[in-house]
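Report on the structure given below.
2 protein chains.
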Amino acid sequence: MALKYSRQREVIKAFLYNTDKHPTADDVYVNIRKQYPNISLGTVYRNLTLLSDMGEIKRLRVGDGIDHFDADTSPHNHFICSECGCVIDLKMENIDYITEAASKNFGGQIVGHTTYFYGYCEDCCNELQAFVQQAN
Amino acid sequence: MALKYSRQREVIKAFLYNTDKHPTADDVYVNIRKQYPNISLGTVYRNLTLLSDMGEIKRLRVGDGIDHFDADTSPHNHFICSECGCVIDLKMENIDYITEAASKNFGGQIVGHTTYFYGYCEDCCNELQAFVQQAN
DNA sequence: GCAAAAGTAGTAATCATTACTGTTATTGTT
DNA sequence: AACAATAACAGTAATGATTACTACTTTTGC
């Protein structure tokens, strides 16, 4: 029941805190194995679930069928590139007021929302533009 | 290449059009098997993918790791009950203007968004209230 | 230093989904 | 109506992310 220290969990946490990407369990596993070749994929999954249950990290279901994880638990929204699949933090105003709009004409209770924006990231926009120019 | 008629596809489409629920592939499979015991799960998956690629239905990734499907392709938002997992259509004003808020300070191009509201559905709210009253 | 309990590595199992394969149904053409 | 081309199917095997299990290792309070 009581939580005990584990080096593996610390390493996983440190890895997440030191990236602005939004890695999957396998991303975490592959990267940490460079330094700790013995770590088990099950350990990575268990600790990611544990950390997100404790609220220290956030689990993102971005729609590609694979869970991503984010050490930044402050309220913010995400963008997912339809081309390369990358996940990017958005610096935008708070839009939680949309829950009020949703609460109208609804019998139950709305607690919150998850919003993902999609489109083309800056890199993919540039590549696409280069491709079009080359064609001319 | 050309699309051919298939009874199975028609039945799948009809089932989806006659429910206000948002069934999973397995829901569709189980229900249609009552009438067509020979239908294959693979056929259900293939046709659901085909229909959603053609834009006749919409694939919903509601965050439970299982794809749900909706025959209503008109723009509307969904609510997912944190208690029972049900998916409900929301009758609410259009909130697509949030993409403008997201586009500010963003280098790429934002095409759209997927927003899911969560909380407790009417039925679960009532059950919860009954439970609380019973405790007093 | 020791015992209780939490955590781990490694592997097996699960579950949704997709791919494959040999057969069946549809369709445009005689 | 019969025919050939090909889309679609049923049934099954394979895939990929995730979870469960088990015997061993760490941590921790005394």
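These protein sequence lines map, in sequence, to chains A and B. Just so you know, we're using our numbering here: the first sequence kicks off at 1 and counts up by one. Just so you know, we're using our numbering here: the second sequence kicks off at 1001 and counts up by one. Even for Gly, the Cβ is constructed at its ideal location relative to N, Cα and C.
- In this structure residue 1022 of chain B is not in contact with residue 117 of chain A, their Cβ atoms being roughly 22 Å apart against a cut-off of 8 Å.
- Across the structure, residue 1078 of chain B and residue 1092 of chain B are spaced so that their CA atoms are roughly 10 Å apart.
- Judged by DSSP secondary structure, residue 69 of chain A falls within the beta strand (DSSP E) whose first and last residues are 67-70.
- In summary, residue 1007 of chain B is exposed, with fewer than 16 beta-carbon neighbours lying within 10 Å of its beta-carbon over all protein chains present.
- In the three-state DSSP reduction, residue 89 of chain A falls in the strand class (E or B).
- For the stretch 1036-1065 of chain B, the residues whose beta carbon sits under 7 Å from a beta carbon of chain A are, in order, 1061 and 1063.
- Proximity to residue 72 of chain A across A:45, A:109, A:97 and A:90 peaks at A:90, based on C-alpha coordinates.
- Cβ-Cβ separation between residue 120 of chain A and residue 1107 of chain B: approximately 10 Å, too far for a contact (criterion under 8 Å).
- Check the Cα spacing between residue 84 of chain A and each of A:132, A:38, A:127 and A:32: the tightest is with A:127.
- In the three-state reduction of the DSSP assignment, residue 84 of chain A falls in the coil class, being assigned neither a helical nor a strand state.
- CA-CA distance, residue 1059 of chain B to residue 1009 of chain B, rounds to 16 Å.
- Each residue's CA atom was taken as its position, placing residue 1087 of chain B and residue 133 of chain A some 45 Å apart.
- Residues of the stretch 1094-1122 of chain B with a Cβ closer than 7 Å to any Cβ of chain A, in chain order: 1095, 1098, 1099, 1101, 1102, 1104, 1105, 1106, 1107, 1108, 1109, 1110, 1111, 1112, 1113, 1114, 1115, 1116, 1117, 1118, 1119, 1120, 1121 and 1122.
- Per DSSP, reduced to three states, the secondary structure at residue 110 of chain A is strand.
- Taking CB atoms only, residue 1091 of chain B has a neighbour in chain A less than 8 Å away.
- Collapsing the DSSP output to three states places residue 115 of chain A in a strand.
- Between the alpha carbons of residue 1094 of chain B and residue 102 of chain A lies a gap of roughly 10 Å.
- Look at residue 16 of chain A here: in three-state DSSP terms it is helix.
- A Cβ-Cβ contact shorter than 8 Å links residue 12 of chain A with residue 47 of chain A.
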